[in-house]
Every structure is written in structure tokens, then in C-alpha cells.
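Here's the structure we're looking at; comments come further down.
Structural data, given as C-alpha cells:
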């Protein structure tokens, strides 16, 4: 069977469809979000995910954390940011949780900040997830999925790597292992923009 290819003409339509889906689920609730994101994201050919952000400035955002404090992306200029979108009901998010905490403990003294963005979830479930996996890096709920929409998140987990100048150097869809985290963080620390992710609009590899 021939490999499915996402064409440049199809990708913008797919992004528009996802944006509408996230807006709808923000209104209709987490249950629909689970079904919609799973149906949309995990039936899409993984090698061809719209990737318009690589090499471009990361969209600024403000996130209220679970401890009540407020985090602003712009406050981390000069540091590398590991930006992870997740949900408690997402099996791959659970699979990578301890890996991400271990990576955070390893890199936090090297000018790297980890930020977790919880989307389409119940706050109680999200808090239980953080406690279960002993997550200590900053996390907050993206109410209304506004940040997820801005970043074009299509499935969970999805992670963006942002360099010290505020540019996206890479992204990764689905669970990360320590090797992937280390490789992509080191590139971001050096300001190296991914070539395998592609600087074009429509190619993504993983």
C-alpha cells in the first residue's frame, strides 16, 4: 500500500479543522475533547503533521499554575524552554511522565525550564496525575485550550523545544524517552533548529 502523504494543500485545511475542534470542545467539555482529539490526532499519518512553527518565534502566553502563581513565557527569555502539552486521561502522557520529571531534575540547573500545559481535563484528575508521578516542574491548566490552539496542538502529548532567543527549534508528538529529550534539549541549548522536523510548513518526522 502506498504511503499516505499530507500535501501542502491538505495541511492548512486540517489545521483549520483542528482549530474548530478545539474551540468546540472548549465549549462542550472534556468528554467530547477526548473523543475528538483521539479520533483526529491518532488516525493522522504521523510522519505528516503540519509544522509551521519550527525556526519561528514561540507564541507568547500566560498560564495560571496549579499553585496559583502566574507564568509568562516571555519571562524565560535567555533560558531554554521545554513546553509539554498533556492530559491525565492520555496513556502516552502517563508513559512519559516519570521520564520528563527525571529530565527536569537533570537539566534544571543548566538554564532549562520545563513547563507543563494541561488541556481538556478535570482539575482534580490533573492534580492527581501530578501527585502520582511526583511532578515538580511548573504546570497549569490551559482553560479554553487557548494556548493549545495557538500552538496548533493536534494530539497528546505534544512537546515544543524553545531556545534562549525564544524560537521553536523542534517539536515532538507522542511520548518522549530520555534519549529524545536529551538530543532535542541539547540542540535547543545550542540554538540549533531541527532539520529533520523541517523548516517548511507541512513535514514532520518522528
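In our numbering, the protein residues as written are 388 to 593.
C-beta: ideal position from N, C-alpha, C; glycine also.
The structure displayed is predicted, hence computed values, not measured ones.
Helix, strand or coil for residue i? Go by DSSP, reduced to three states.
i           : result
residue 543 : coil
residue 571 : helix
residue 463 : helix
residue 478 : helix
Quick one: what's residue i bridged to in DSSP?
i           : result
residue 500 : 468
residue 451 : 457
residue 491 : In DSSP, residue 491 forms no bridge with anything.
residue 558 : 547
residue 444 : 554
Using the Cβ count rule (16 or more neighbours within 10 Å means buried), how would you classify residue i?
i           : result
residue 556 : buried
residue 519 : exposed
residue 540 : buried
residue 461 : exposed
residue 457 : exposed
residue 489 : exposed
residue 565 : exposed
residue 475 : buried
residue 463 : buried
residue 542 : buried
residue 529 : buried
residue 510 : exposed
residue 496 : exposed
Determine whether the beta carbon atoms of residue i and residue j lie at a separation below 8 Å.
i           : j           : result
residue 467 : residue 498 : yes
residue 445 : residue 547 : yes
residue 550 : residue 569 : no
residue 473 : residue 480 : yes
residue 544 : residue 561 : yes
residue 486 : residue 563 : yes
residue 453 : residue 527 : yes
residue 450 : residue 500 : no
residue 502 : residue 525 : yes
residue 442 : residue 580 : yes
residue 552 : residue 578 : yes
residue 482 : residue 506 : no
residue 567 : residue 554 : no
Give a yes or no on whether the minimum CB-CB distance between residue i and chain B is below 8 Å.
i           : result
residue 557 : The structure shown contains no chain B; it is built from a single protein chain.
Can you tell me whether residue i sits near the ligand HEM, meaning its C-beta is under 7 Å from at least one heavy atom of the ligand?
i           : result
residue 530 : Of the ligands one can find in the structure shown there are none, so the ligand HEM has no counterpart to examine.
(request) Note down, one range per segment and in chain order, each alpha helix (DSSP H) of at least 4 residues found wholly within the segment 509-541. (result) 510-519 and 533-537
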